[in-house]
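A.B. asks:
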Amino acid sequence: MAKKQYAFYPGCSSQKGASASNFPTSVGVVCEKLDIQLNEIPDWNCCGASIGYGEGGELPRLVINARNLAQAENHLAGQDIVSGCPACWLATRETVERLHESDSLLAETNEALKEAGLNLKNTVKARHIVEVLIEDIGFEAMKKPVVKAIEGIKFAGYVGCQTNRPFGIAGESFENPQYLDRMIETVGAEAVKFDQKVTCCGGALAFSEPDKSQKQIRDIVESAYDHGADMIVTPCQLCQANVEIYQSEINKKQGTKFSMPVVYYSQLLTVAYGGSAKQAGLDGQLIRAEKLERIAGKQ
Amino acid sequence: MTTATPKYRNNFLKEVEANVEEGHWVKMCMQCGVCAGSCPLGPHWQHSPQKIFMMIRAGKREEVLTSDSMWMCTSCYNCIVRCPRKLPITHIMHGLANYAHRLGMAPKGQPTEAIAKLFWDNLVKTGRVNELKFSLAMYFKDGFVQGIKNAMAMQGIGLGLVKAKRLNPMEILGGHACKDKSGIQKMVAKAREIEDRRKGFSGAGA
Ligand code: SF4
Ligand code: SF4
Chain A
9 MAKKQYAFYP GCSSQKGASA SNFPTSVGVV CEKLDIQLNE IPDWNCCGAS IGYGEGGELP
69 RLVINARNLA QAENHLAGQD IVSGCPACWL ATRETVERLH ESDSLLAETN EALKEAGLNL
129 KNTVKARHIV EVLIEDIGFE AMKKPVVKAI EGIKFAGYVG CQTNRPFGIA GESFENPQYL
189 DRMIETVGAE AVKFDQKVTC CGGALAFSEP DKSQKQIRDI VESAYDHGAD MIVTPCQLCQ
249 ANVEIYQSEI NKKQGTKFSM PVVYYSQLLT VAYGGSAKQA GLDGQLIRAE KLERIAGKQ
Chain B
141 MTTATPKYRN NFLKEVEANV EEGHWVKMCM QCGVCAGSCP LGPHWQHSPQ KIFMMIRAGK
201 REEVLTSDSM WMCTSCYNCI VRCPRKLPIT HIMHGLANYA HRLGMAPKGQ PTEAIAKLFW
261 DNLVKTGRVN ELKFSLAMYF KDGFVQGIKN AMAMQGIGLG LVKAKRLNPM EILGGHACKD
321 KSGIQKMVAK AREIEDRRKG FSGAGA
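Read top to bottom, the protein sequences are chains A and B. Taking our numbering, I'd label the letters of the first sequence as residues 9 to 307. Taking our numbering, I'd label the letters of the second sequence as residues 141 to 346.
(1) If you drop the 5 nearest sequence neighbours on each side, which residues of the same chain put their C-beta closer than 6 Å to that of A:Gly283?
(2) Tell me, please, whether the CB atom of B:Tyr217 is closer than 9 Å to any CB atom in chain A?
(3) Where does the unbroken alpha helix (DSSP H) through A:Thr278 begin, and where does it stop?
(4) I'd like to know if the stretch 128 to 143 of chain A and the stretch 250 to 261 of chain A are in contact, where contact means that at least 3 CB-CB pairs between them fall below 8 Å.
(5) Along chain A, which residues have their Cβ under 7 Å away from the Cβ of B:Met327?
(6) Does the distance from the C-beta atom of A:Pro243 to that of A:Pro18 stay below 9 Å?
(7) Over what stretch of residues does the beta strand (DSSP E) that includes A:Tyr14 continue unbroken?
(8) With DSSP collapsed to three states, give me the class of A:Arg173.
(9) Is the CB of B:Lys154 under 9 Å away from at least one CB in chain A?
(10) For the alpha helix (DSSP H) containing A:Ala134, name the first residue and the last one.
(11) For B:Gly173, verify whether its CB is less than 8 Å away from any heavy atom of ligand 2.
(12) On the three-state DSSP scale, how would you describe B:Val166?
(13) Quick one: which chain A residues come within Cβ less than 9 Å of B:Thr252?
(14) In three-state terms, what does DSSP make of B:Glu203?
(15) Is the CB of B:Pro247 under 9 Å away from at least one CB in chain A?
(16) Could you tell me the distance, in whole angstroms, from the CA atom of A:Lys205 to the CA atom of B:Ala331?
(17) Beta-carbon of B:Arg197 versus every beta-carbon of chain A: anything under 9 Å?
(18) Report yes if the CB atom of B:Glu202 is closer than 9 Å to the CB atom of B:Met233, and no otherwise.
(19) Collect the residues with a C-beta less than 7 Å away from any heavy atom of ligand 1 and give them in sequence order along the chain.
(20) Hey, is B:Leu227 close to ligand 2, as in C-beta under 8 Å from one of its heavy atoms?
(21) DSSP on B:Phe341, reduced to helix/strand/coil?
(22) Where does B:Gly235 fall in DSSP's three states?
(23) Looking at the secondary structure, which residues open and close the beta strand (DSSP E) in which A:Ser91 lies?
(24) Thinking C-beta only, is A:Ser181 closer than 9 Å to A:Arg135?
(25) Using a C-beta to C-beta distance shorter than 7 Å, which residues of chain A count as neighbours of B:Gly323?
(26) Does B:Gly345 have its Cβ less than 9 Å from a Cβ in chain A?
(27) What residue does the beta strand (DSSP E) around A:Ala164 start on, and which one ends it?
(28) Tell me whether A:Val138 is buried or exposed, calling it buried when 16 or more other Cβ atoms sit within 10 Å of its Cβ.
(29) Is B:Met168 near ligand 2, going by C-beta to nearest heavy atom under 8 Å?
(30) Interface residues of chain B around A:Lys220 at Cβ under 7 Å?
(31) Can you tell me the Cα-Cα spacing of A:Cys208 and A:Ala115, whole angstroms?
(32) Give the DSSP bridge partners of A:Met239, in chain order.
(33) Report whether the distance from the Cβ of B:Cys223 to the nearest heavy atom of ligand 2 is below 8 Å.
(34) Using beta carbons (cut-off 9 Å, strictly below), is B:Met141 in contact with chain A?
(35) Closer than 8 Å to a non-hydrogen atom of ligand 2 - does that hold for the CB of B:Phe193?
(36) Can you find the residues in the same chain that come closer than 7 Å, C-beta to C-beta, to B:Leu181, ignoring five residues on each side of it along the sequence?
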């Protein structure tokens, strides 16, 4: 079967040696098994994340995203842009929509892009890898390569904000999206009820307002424990980093004893598809996902 | 510091409509209050988005632009999907924060304002964000002594990330960057120039 082709926008946090660098290895395995080919956008740049507005304002922010779109248009014609990071996806898709709505913004954008020798026609579609998995591959096909059921582990499916709002996955509700639980079940694991499924982890404010955001993180981890989860699983890089990294801080400050692993859906799929712990990037966890490592290690 | 064009001085709503991202939506708010209960850091918002929209209409320029509130926005997009009038509330909050920042009216020492500026400067330098330089700059933003204290407090986390290969100490020597750095810088400078012209900032580029 011919592989499906996409223009890939990895994003800063997925670079080697960055905070989500345990993510791309597992995505690689998943794409390999599902005949998806991700073609990296040449010389892509940062999307501005959710905090870029403070100094960057409106047009400069749209323009940096337009540069990635133009690079994809020029070098990977006809392919949808796909990102694994919700902030990258959101910023890219927002740019596509804003420039569709306003001819004057598109003209101004192109005036700026000219400085980098580029021009944008705005013909590309910006999508999230989760959309590709659900819409282009489907749950049935996602199940096919499963060689190891992830049995005996309970997961709290934590969707978070930006994979879910404002765009979300078509056909899902904002308050209680089902796709992540379905992915968990697709690999033979159990999805517990989880009332903090779409709660905000504090986003970029985990850094600037640590005490205020850690209350969010505490609620999320506590609820996972309360519902009997062994691990949290998420599609979001910022959720993963915030919820995993700050548990030790919260323990120190508030005397809790949190030690809840936080993994990506792609790591789950990788293990279910027979990948090793290393291929799943499980060596990149701060809080080791031992139960998942054990399944990955089984022959 | 830059100044806004004086032509709106007596009509704050008009000024917001012209100079704040998505500001033209403010008049559509019907004050239903749905957004007021949506913010994750809600207790820390002195004025909810609903109140801010009311204050804009009441011409409370100084109070709105010096407010800490919009800096509490975590970009969770709860409000956007709930607002019955479909106001792009998140973007208006970001727009107000940016406008206050550009006017030099944001509260002094606002931490999110500080990281937003560091983040953008880091981005424009290389086209990509270098997390180590960004973190260090963040720790040292309050001066050297406080910087050492902040860095020490987070040391365990930093070492854990280094061990897990998720924070690279070698980044301090260079790290990830786009090839066309100079093109990106020129492009961003141009975009800022156009936006400043459109929004009537004098001293464009400052
Ligand atoms: S996006 Fe910002 S304004 Fe909207 S609910 Fe979240 S924190 Fe509040
Ligand atoms: S939810 Fe929308 S209409 Fe209601 S108060 Fe907030 S901004 Fe206004």
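Quick reminder that beta carbons are idealized off the backbone N, C-alpha and C, glycines included. As the structure is a prediction and not an experimental result, all values here were calculated from the model.
C.D. replies: Let me spell this out:
(1) On the first sequence, residue 283 of chain A is found 275 positions in, with the first residue counted as 1. Taken in chain order, the residues that qualify are Val37.
(2) As a working note, residue 217 of chain B is residue 77 in the second sequence. With 9 Å as the cut-off, B:Tyr217 counts as an interface residue toward chain A.
(3) Numbered from 1 along the first sequence, position 270 holds the residue referred to as residue 278 of chain A. That run of the alpha helix (DSSP H) goes Tyr273 to Ala280.
(4) no
(5) Within the second sequence, the letter at position 187 stands for residue 327 of chain B. Contacts between B:Met327 and chain A, judged by CB atoms closer than 7 Å, involve Val71, Arg75, Ala120, Leu121, Glu123 and Ala124 in chain order.
(6) Reading the first sequence from its first residue, position 235 is the one you call residue 243 of chain A. Reading the first sequence from its first residue, position 10 is the one you call residue 18 of chain A. In this structure, A:Pro243 keeps its C-beta atom at 9 Å or more from the C-beta atom of A:Pro18.
(7) Residue numbering aside, residue 14 of chain A sits at position 6 when the first sequence is read from its first letter. Run containing A:Tyr14: Lys12 to Tyr17, per the beta strand (DSSP E) assignment.
(8) Your numbering for residue 173 of chain A matches position 165 in the first sequence. Here A:Arg173 sits in coil by DSSP.
(9) The residue you call residue 154 of chain B lines up with position 14 of the second sequence. Chain A contact via Cβ: absent.
(10) Locating residue 134 of chain A in the first sequence gives position 126, counting from the first residue. Element bounds for A:Ala134: not the alpha helix (DSSP H) but the beta strand (DSSP E), Ala134 to His136.
(11) Here the question's residue 173 of chain B lines up with position 33 in the second sequence. Correct: B:Gly173 has its Cβ closer than 8 Å to ligand 2.
(12) Working through the second sequence from its first residue, we reach residue 166 of chain B at position 26. If DSSP states are grouped into helix, strand and coil, B:Val166 belongs with the helices.
(13) Looking up residue 252 of chain B in the second sequence gives position 112. What B:Thr252 touches in chain A: Ile59, Gly62, Ala212, Leu213, Phe215, Ser216 and Glu217.
(14) Sequence index remark: in the second sequence, residue 203 of chain B carries index 63 (1-based). Residue state, collapsed to three classes: helix.
(15) As a first step, residue 247 of chain B must be located in the second sequence, where it is residue number 107. False, the Cβ-Cβ gap to chain A never drops below 9 Å.
(16) The residue given as residue 205 of chain A occupies position 197 in the first sequence. The residue given as residue 331 of chain B occupies position 191 in the second sequence. Their backbone Cα atoms lie some 38 Å apart in a straight line.
(17) Taking the first residue of the second sequence as position 1, residue 197 of chain B is located at position 57. Taking Cβ atoms only, chain A never reaches closer than 9 Å to B:Arg197, which makes this a no.
(18) Residue mapping note: residue 202 of chain B aligns to position 62 of the second sequence, counting from 1. Residue mapping note: residue 233 of chain B aligns to position 93 of the second sequence, counting from 1. Taking 9 Å as the cut-off, the beta carbon of B:Glu202 is found no closer than this to the beta carbon of B:Met233.
(19) Environment of ligand 1, chain-ordered: A:Cys208, B:Cys175, B:Ser178, B:Cys179, B:Pro180, B:Leu181, B:Pro189, B:Met212, B:Cys213, B:Thr214, B:Ser215, B:Cys216, B:Tyr217, B:Asn218, B:Cys219, B:Ile220, B:Ile229, B:Thr230 and B:Met233, taking every residue with Cβ within less than 7 Å of a heavy atom.
(20) Position 87 of the second sequence, counted from the first residue, corresponds to residue 227 of chain B. It does: the Cβ of B:Leu227 is within 8 Å (strictly closer) of some heavy atom of ligand 2.
(21) To locate residue 341 of chain B, count along the second sequence from 1; it is residue 201. DSSP places B:Phe341 in coil when its eight states are reduced to three.
(22) Translated into the one-based positions of the second sequence, residue 235 of chain B becomes position 95. In the structure shown, B:Gly235 sits in a helix (DSSP, three-state: H, G or I).
(23) Taking the first residue of the first sequence as position 1, residue 91 of chain A is located at position 83. Note, A:Ser91: beta strand (DSSP E), Ile89 to Ser91.
(24) Here residue 135 of chain A refers to the residue found at position 127 of the first sequence. Here residue 181 of chain A refers to the residue found at position 173 of the first sequence. No, they are not a contact pair.
(25) Within the second sequence, residue 323 of chain B is the residue found at index 183, counting from 1. In chain order: Glu123, Ala124 and Gly125.
(26) Residue 345 of chain B sits at position 205 when you count from the first residue of the second sequence. Here the model assigns B:Gly345 a pLDDT of 42, short of 50, so the residue's position is not dependable and the matter cannot be decided.
(27) By 1-based counting over the first sequence, the position of residue 164 of chain A is 156. Lys162 to Gly165 is the span of the beta strand (DSSP E), which, as asked, contains A:Ala164.
(28) Your numbering for residue 138 of chain A matches position 130 in the first sequence. Here A:Val138 is buried: its Cβ has 16 or more other Cβ atoms, across all protein chains shown, within 10 Å.
(29) To locate residue 168 of chain B, count along the second sequence from 1; it is residue 28. Answer for B:Met168: yes, Cβ within range of ligand 2.
(30) Locating residue 220 of chain A in the first sequence gives position 212, counting from the first residue. Chain B residues near A:Lys220: Leu181 and His184.
(31) Residue numbering aside, residue 208 of chain A sits at position 200 when the first sequence is read from its first letter. Residue numbering aside, residue 115 of chain A sits at position 107 when the first sequence is read from its first letter. Cα to Cα, A:Cys208 sits roughly 35 Å from A:Ala115.
(32) Taking the first residue of the first sequence as position 1, residue 239 of chain A is located at position 231. DSSP output for A:Met239 lists A:Phe163 as bridge partner(s).
(33) Counted from its first residue, the second sequence places residue 223 of chain B at position 83. Yes, the beta carbon of B:Cys223 sits closer than 8 Å to at least one heavy atom of ligand 2.
(34) By 1-based counting over the second sequence, the position of residue 141 of chain B is 1. With a pLDDT of 49 at B:Met141, under the threshold of 50, the modelled position of this residue cannot be trusted; read the value that follows with caution. No, B:Met141 does not count as interfacial toward chain A.
(35) Within the second sequence, residue 193 of chain B is the residue found at index 53, counting from 1. Yes, ligand 2 has a heavy atom inside 8 Å of this Cβ.
(36) In the second sequence, counting from the first residue as 1, residue 181 of chain B sits at position 41. If we look at B:Leu181 and ignore the five residues flanking it on each side, its Cβ neighbours are Met212 and Thr214.
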